[in-house]
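Presented below is the structure to which this report refers.
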Amino acid sequence: MNKEVVINGDTIKQRVTFKERLWVIIPVVLLVGLISILAYNHYAEFTWVGFISGFNREFLIFFCIGIFAQLVDGTLGMGYGATSTSFLLAYGVPPVISSTGVHVAEMFTTGASAISHHRFGNINKKLVKHLLIPGVLGSITGAYLLSDVIDGDVIKPFIAVYMMVLACIIIKKALVKNIVKKKTKRLDLLASFGGFMDAVGGGGWGPIVTSTLLGRGRNPRYTIGSVNAAEFAVSFASGITFMLFGGIHGWQVIIGLILGGVIAAPLGAYFVNKIKRKPMMIAVGILIIILSLRTLSKLL
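When you line the sequence shown up against numbering that gives the first Met the number 0, it's residues 0 to 299, in that order.
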């Protein structure tokens, strides 16, 4: 199998190796396996009447949240969890259902996003390998604590505050004018912390990992593509952990987020170099703060 590469106006065919194909094969195999397991274990919960009647106003809201959150994440390299979780909490969805829904949906949306970024040549494979294992370990730990140890109702206001902190990080990174390129030390600690906070808070991988790497002067295109690719493994690990220890609840949330996110994933990868990042980062940060304040006001 060959792929075409344009160099100085000339189209050159390059042979695609088996290692190159694995970047597409692995996500596809994992997602097909996941769909098969979900269909086998939960087919009794669905009927044609129930499935069709599920396409109501609430489903449309979750679908739109999925599209918007994935466009934000695919374009900025951050914000899917923070954006979708903030919307869901503001809408009244409980924290455990919200975080489970976001991470199960991310198993599909990040897979589609990783394949899309690979298709557009946005991935630094060495960076992905550094982020992968510590990010997965951190996400498994956080997902286990939220699903089996921490009370969701107790943690809900803290998650809202955490979302506002993430929003402030996003805005701060947008306002930095001159970024001096520096070497990033301890990528393993950064990835494990990002994975842990992402699982517990329903978001944070992008704002913590992507913003740190961009703040150190790394190339935005390859940083965003690589962090999104690693996020597939992180989300898959936390999603499986949620399934094992907490079960799956809120199918309307999950299916709405999945369909909206998968549709928007290729668009996000395409627009990564087309849209001005700073105005969008500021707008997303302000939106998350408003949604989090609304969640806190409802709790108080």
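No residue lacks a Cβ here, since even glycine has one placed at the ideal position from N, Cα and C.
Assigned with DSSP and collapsed to three states, residue 164 falls in helix. In its chain, beyond the 5 residues on either side, 134, 137, 138 and 233 have a beta carbon closer than 6 Å to the beta carbon of residue 194. When Cβ pairs closer than 8 Å are counted between the two stretches, the segment 18-30 is seen not to touch the segment 93-105, the count staying below three. Note that the C-beta distance between residue 259 and residue 114 is not below 7 Å.
Taking a cut-off of 8 Å for Cβ pairs, the segment 216-226 and the segment 158-170 do not touch, as fewer than three such pairs fall below it.
Taking the C-beta atoms as reference points, residue 261 is found no nearer than 7 Å to residue 89. By the 16-neighbour rule on beta-carbons within 10 angstroms, residue 147 is exposed. Under the three-state reduction of DSSP output, residue 149 falls in the coil class, being neither helix nor strand. Non-local beta-carbon contacts of residue 187 in its own chain, meaning distances under 6 Å to residues more than five positions away in sequence, involve 133 in chain order.
Annotation: the continuous alpha helix (DSSP H) that includes residue 255 extends over 250-270.
DSSP, read as helix, strand or coil, puts residue 275 in coil. In the three-state reduction of the DSSP assignment, residue 77 falls in the coil class, being assigned neither a helical nor a strand state.
Each of 292, 131 and 269 was checked against the Cα of residue 226, and the nearest Cα belongs to 131.
Between residue 85 and residue 291, the C-beta gap is smaller than 7 Å, which places the two residues in contact.
With a threshold of 16 other beta carbon atoms within 10 Å, residue 185 falls short and is exposed. With fewer than 16 other Cβ atoms from the protein chains shown falling within 10 Å of its own Cβ, residue 275 counts as exposed.
Residue 270 places its beta carbon less than 7 Å from that of residue 74.
Scanning its chain for C-beta atoms nearer than 7 Å, with the 5 sequence neighbours on each side dropped, one finds no residue around residue 59. A direct Cα-Cα distance of roughly 31 Å separates residue 144 from residue 122. Taking C-beta separations shorter than 7 Å and ignoring five residues to either side along the sequence, the partners of residue 159 in its chain run 88, 291, 294 and 295, following chain order.
DSSP places residue 96 in the uninterrupted alpha helix (DSSP H) bounded by 94-118. A Cβ-Cβ contact shorter than 7 Å links residue 142 with residue 237.
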